[in-house]
Amino acid sequence: MPKIIGEIRDGITGAILQARVQVLDPSGENIAPADAMWKVGPGEPFFYSDGQFSLDTKRGYHRVLVERGTEFTPWQATIEVGGSWDFSLDIQLERWSDLPNRGWHPGNTHIHYDEKESDPDRRLAYDSRVEDLRMTAVSILKRWDLDYATNKYPPGMLTEYTDTHHYVQSGEETRHNHDPFKIGYGHVMLLNIHNQVEPISRGLLVDQFDPDYPPLSHACDQANDQGGLVIWCHNGQGMEAPVAAALGKISISWRRDQRNT
């Protein structure tokens, strides 16, 4: 059985790059190494690569697509694999933009792995690198009795995933609302905290008996007392966010017209 063997490098520095890879076989099926981790979420399916991959396939034409973050031009090619030899790919990813050189650095402050995630450690190690993120934050979350996989990480910097070029931390999303995108105090992301802020959620996000108290401003105060960063995320519906902003309790407000006011 022939193999496709690929190596992914930075087109300028020659450094090995982690990336998302999609390989379609002659029948249009997605194929990957046996131990590959697949991307979760909407859009095209990809597997994660450390920069080198090898997968079994069959004879015929294949389409290969490689992506990394938002500042590298996607690489794609159609290749023909023979029936008795391996096909080697030397993949060079080129930047179309270099915002870090201008003082802007990519990051994602709002990541949760749900109860279906079976290997959060491996996924977190990939996410910050494959997406080319200088700053990555997962967060503790309370929603009924769901056991979110990222709730296992303690607040603060996660040293196992942090290096010179990647800062990874665990924060908290403190929340209140009746139903998704319906009336409620809102959802607030707490970053750069050292201790968990209680309660994580209040009201119906916990159960039908949990009180709608305390307001989220109390959580903002606890985070600010730790030197934390307070981001009003969504689900505000105009109830508490304007008051908290007027009182100087929040650092950033993330506006989405369909969610916030």
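For the record, in the sequence shown the residue sitting at position 160 is 159 according to numbering that gives the first Met the number 0, with numbers rising by one throughout.
Ideal placement from N, C-alpha and C gives every residue a C-beta, glycine not left out.
Residue environment, Asp126, which counts as buried when at least 16 other CB atoms sit within 10 Å: buried
Residue range of the unbroken alpha helix (DSSP H) whose run includes Asn223: 215-224
Residue burial classification, His186 (beta-carbon count within 10 angstroms, cutoff 16): buried
Neighbourhood of Arg58 by C-beta distance below 8 Å, restricted to the same chain and skipping five residues each side: Pro1, Pro25, Val80, Gly81, Gly82
Straight-line gap, Glu6 to Ile15 (C-alpha atoms, nearest Å): 8 Å
First through last residue of the alpha helix (DSSP H) which encompasses Ala240: 240-245
Whole-number beta carbon distance between Leu140 and Gln168, since they are thought to touch under 8 Å: Between Leu140 and Gln168 the Cβ distance is about 15 Å, and since that is not below 8 Å, they are no contact.
Neighbourhood of Arg121 by C-beta, 8 Å cutoff - its chain only, sequence neighbours within 5 removed: Met36.
Rounded straight-line distance, which links the Cα of Gly226 to that of Asn176: 26 Å
Arg128 vs His104 beta-carbon contact at 8 Å: Contact flag unset, no.
Alpha-carbon to alpha-carbon, Ser53 and Glu28: Between Glu28 and Ser53, the C-alpha separation is close to 17 Å.
Rounded separation between Ser250 and Thr108 - CA only: 13 Å
Backbone CA spacing between Gln75 and Ile30 [nearest angstrom]: 15 Å
Own chain, CB closer than 7 Å to Met188, minus 5 neighbours either side, in chain order: So the list reads Thr108, His109, Ser138, Gly170, Glu172, Ile230, Cys232, once near-sequence residues are dropped.
In chain order, each alpha helix (DSSP H) run of at least 4 residues that lies wholly inside the region 139-222: none
Between the CA atoms of Gln195 and Thr260 - distance to the nearest angstrom: Its pLDDT being 32, under 50, Thr260 is placed unreliably in this model, and the value from its coordinates should be taken loosely. Taking the straight line joining both Cα atoms gives about 28 Å.
Burial state of Glu197 (16 or more Cβ within 10 Å): exposed
Helix, strand or coil at Asp131 [DSSP, three-state]: coil
Reduced DSSP category for Asp126 - H, G, I as helix; E, B as strand; rest coil: helix
For Ile192 and Ala218, believed in contact at Cβ under 8 Å, the rounded distance: Not really, about 10 Å apart at Cβ, beyond 8 Å.
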